[in-house]
Amino acid sequence: MKVVVCIKQTPSTTAVLTVDTGGNVKWDDPGGKPNVLNPWDEYAVEEGIRLKENHGATDVIVLTAGSEESQEALKTSLAMGCTAAILVSDAAFSGSDTTGTARILAAAINKVGGVDIAVFGKQAIDGDTGLTPMQVARKLGWTPLTYVSAIKEVGGGKITVERLLDDGKETVTANLPVVISVVKEINEPRYPSLMGIRKASRAEIPTWGAGDLAVAGGAGAAASKVDWSNIYAIPPRVGSVEMITADTVEEQARILADKLFEEKVI
Ligand SMILES: Cc1cc2nc3c(=O)[nH]c(=O)nc-3n(C[C@H](O)[C@H](O)[C@H](O)COP(=O)(O)OP(=O)(O)OC[C@H]3O[C@@H](n4cnc5c(N)ncnc54)[C@H](O)[C@@H]3O)c2cc1C
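Here the working numbering is used: the first residue of the sequence shown is 1067, the next is one more, and so on.
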């Protein structure tokens, strides 16, 4: 059984979004923290590795579409225990919307060949749409299983999973191949081992470009139908503090109640 885990490298969780006067978006981390493996994707990587450990998967290939720097997130995934990594990177792909990204990932999964399960995180903490897994499933023509909180059984060409719903859980069985997106309830991601980190640091990660993939429908800025023309950080709330002074607590409470009443809070 072959598993592909799709991951994205994102800014660290403490990074702050800034937009300059030219409308260029930047993520800056005041603490100088580097980009990270998208936190939701840590659960996807862990589940991919567990498919090898518990359900007999032979290959757990971690895949990302991104810049050269995304190799770092791939190496983190290798250090955790993925068996191989692939970077898809090409200037022609930059500016892809989620549909373009899904077309690229579907083409890469097809090129890997013989994949039974593609595992995704729930969402990326920067783009934040949560659309990519479903769109990849659509492009591949595979069954999408979203919000998976447990993989119960894999075998006989089928997979049984538990899905987390707003007000409960449901168990679903589907024929392979499938695309699954996982939620944090599914597992506790492991830390990369020291040996894993050493091995991953020496790994040669193949890069596939536009010439290596048959991306049906196109990708990149020209093929994008969605334009994120106005991204901005929410301005900080401005507040003021007024201290209520009086001789007794009861008097303070009365003044406070009057003010809240005046402001129509109560
Ligand atoms: C600064 C900025 C500007 C952007 N501008 C535009 C724009 O103008 N138009 C537009 O449509 N979109 C724009 N995007 C969105 C960008 O194209 C998306 O990040 C990308 O398409 C994936 O969508 P997402 O980040 O919402 O991922 P989600 O759909 O939230 O991710 C869900 C899961 O899909 C997988 N995944 C997501 N991305 C990848 C990837 N690249 N490789 C492998 N797996 C992946 C991961 O498992 C992830 O957990 C912009 C994003 C940023 C940060």
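Ideal Cβ positions, reconstructed from N, Cα and C, are used throughout, including at glycine.
When secondary structure is reduced to three states using DSSP, LYS1330 falls in the coil class, being assigned neither helix nor strand.
Residue environment analysis places ASN1104 among the buried positions, since at least 16 neighbouring C-beta atoms fall within 10 angstroms of its C-beta. DSSP, read as helix, strand or coil, puts TRP1294 in coil. In terms of Cβ geometry, VAL1244 and ALA1203 form a close pair [threshold 9 Å]. For CYS1072, the distance from the CB to the nearest heavy atom of ligand 1 is below 8 Å. Here SER1215 has GLU1228, LEU1230, VAL1249, GLU1251 and ILE1252 as same chain residues with Cβ atoms under 6 Å from its own Cβ, once five neighbours each way along the sequence are excluded. Sequence-distant Cβ neighbours of ILE1271 in its own chain, meaning closer than 6 Å and more than five residues away, are GLN1137, LEU1140, ALA1151 and LEU1153. When only Cα atoms are considered, GLY1147 and VAL1238 end up about 27 Å apart. Cα atoms of ASP1125 and LYS1205: separation of roughly 22 Å, rounded to the nearest angstrom. Looking at the DSSP output, TRP1274 shares a beta bridge with VAL1154.
For THR1226, the beta-bridge partners assigned by DSSP are GLU1219 and THR1239. Only exposed fits LYS1325, as fewer than 16 other CB atoms lie within 10 angstroms of its CB. Judged by pairs of C-beta atoms under 8 Å, the segment 1168-1176 does not touch the segment 1292-1299, as fewer than three such pairs exist. Ranking GLU1108, THR1209 and ALA1173 by CA distance to the CA of PRO1255 puts GLU1108 first.
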